[in-house]
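J.: Got a structure here, written out as C-alpha cells. Questions coming.
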Amino acid sequence: MKTITIAIDGFSSTGKSTLAKQLAKHLGYIYVDSGAMYRAITLFAMENGYITKEYFDVDSLNNSLEFIKLHFEFNANLGFAEMYLNDRNVEKEIRTIEVSNFVSKVAEISQVRAKLVEQQQAMGKDKGVVMDGRDIGTVVFPNAELKIFMTASSETRAQRRFDELQAKGDAVSYEAVLKNVQERDYIDTHREDSPLVKSDDAIEIDNSYLNKQEQFDAVLELVEEVMNS
Ligand code: DC
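Dropping the structure here:
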C-alpha cells in the first residue's frame, strides 16, 4: 500500500479536524491542524497588542514573525498533538471566541501565510500526513493524492461550534457564534492570498446530515481506493 498525503479543506466548523484525527489514528499517520498555527499567531498578535477591535498593526506583526516559534507536541492522553507558541502550550487559549474573531484577519497577511505554508510543507515532506485547513489541497500540497473538501450549512456549523464552546464553559450566544462563522466564511473565501476554494480534483463531502461514523466510513473507502491504486 502506498503512503499518501491527505489534504482536507473546507469552511470553519465542518468537522475537518474530527475527520482528520480519525483518519490519522486509523492509518498511523501524522495529523496537522494548520488552523491551530494561524490561531497561535493570532494569540501572539493579541498578547502583544498588535490586533484589537479598533486597529491591526500589520507591520509590527510581520516584523515579529521571525521570533515566533511554533511546534506541535503529541499528547498521548488526548491522542493528538497540541500547539505550542514559543514553547508554551496554547492549545486551550487558541480555541476561544476572541481568537476566532481575529484569526481570519491575521490569516489574510501574506507574510504570515508564507511562513506557515513553508513549515507545513516541511512537516509533510515524507507523506503519511493528514492536514486540514483552507489551502491545503490548493497551495500547501497541490500534489496530494487525496483531497477532501468539506461543507455544511452555516447554521449546522454554528450549532456544532456553540455546543463545543458551551461544553467548555465558554459563555457565548448561538447568535454570536453564527455571526462569527458567517464572517469567517466571507473573509476566508474573499481574501486575495490563497482564498478558500475547492480544488478541481477535490472530492466534496456535505456532512450536514452525516454522523461522524458515516463520514469516516465514506472517506476511508476513498483512502483505500487511492492507496491501492
Ligand atoms: O480551522 P480553524 O477554524 O481553526 O482555522 C482558523 C482560521 O485560520 C480560519 O478562519 C482561516 C485560517 N486558516 C487559513 O487561512 N488557512 C489554513 N490552512 C487554516 C486556517
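If you count the sequence shown from 1, position 115 lands on 114 in numbering that gives the first Met the number 0, and the numbers rise without skipping. Glycine included, every Cβ here is placed at the ideal spot set by N, Cα and C.
1. Given this structure, state the Cα-to-Cα distance separating Y49 from S59, to the nearest angstrom.
2. Output yes or no for whether 8 Å exceeds the beta carbon distance between D134 and K15.
3. Should Q120 go down as buried or exposed, given a rule of 16 or more other Cβ atoms within 10 Å for buried?
4. Could you tell me which residues DSSP pairs with L69 in its beta bridges?
5. If you drop the 5 nearest sequence neighbours on each side, which residues of the same chain put their C-beta closer than 7 Å to that of K20?
6. Count the CB pairs spanning the segment 142-151 and the segment 197-214 that are closer than 8 Å, and state whether there are at least three.
7. To the nearest angstrom, how far is the alpha carbon of R38 from that of G168?
8. Which of the three DSSP states, helix, strand or coil, is assigned to L209?
9. Please classify A170 as buried or exposed, where buried requires at least 16 neighbouring CB atoms within 10 angstroms.
10. Excluding sequence positions up to five away, which residues of its chain have a Cβ less than 7 Å from the Cβ of V57?
11. If you count every other CB in all the chains shown that lies within 10 Å of the CB of Y28, and 16 or more means buried, which is it?
T.: With the given structure in hand:
1. C-alpha of Y49 to C-alpha of S59: approximately 7 Å in a straight line.
2. Their beta carbons are not under 8 Å apart, which means D134 does not touch K15 by this criterion.
3. Exposed: under 16 other Cβ atoms inside 10 Å.
4. L69 is bridged to L84.
5. Excluding sequence neighbours, K20 sits near Y30, F79.
6. Three or more beta-carbon pairs drawn from the segment 142-151 and the segment 197-214 are found closer than 8 Å, and the two stretches are therefore classed as touching.
7. A direct Cα-to-Cα measurement between R38 and G168 gives close to 20 Å.
8. In this structure, L209 counts as coil in the three-state DSSP scheme.
9. The Cβ neighbour count for A170, taken over all protein chains shown within 10 Å, is under 16; the residue is labelled exposed.
10. Excluding residues within five positions, the ones whose Cβ falls inside 7 Å are I108.
11. The residue in question, Y28, is buried, as its Cβ has 16 or more Cβ neighbours within 10 Å.
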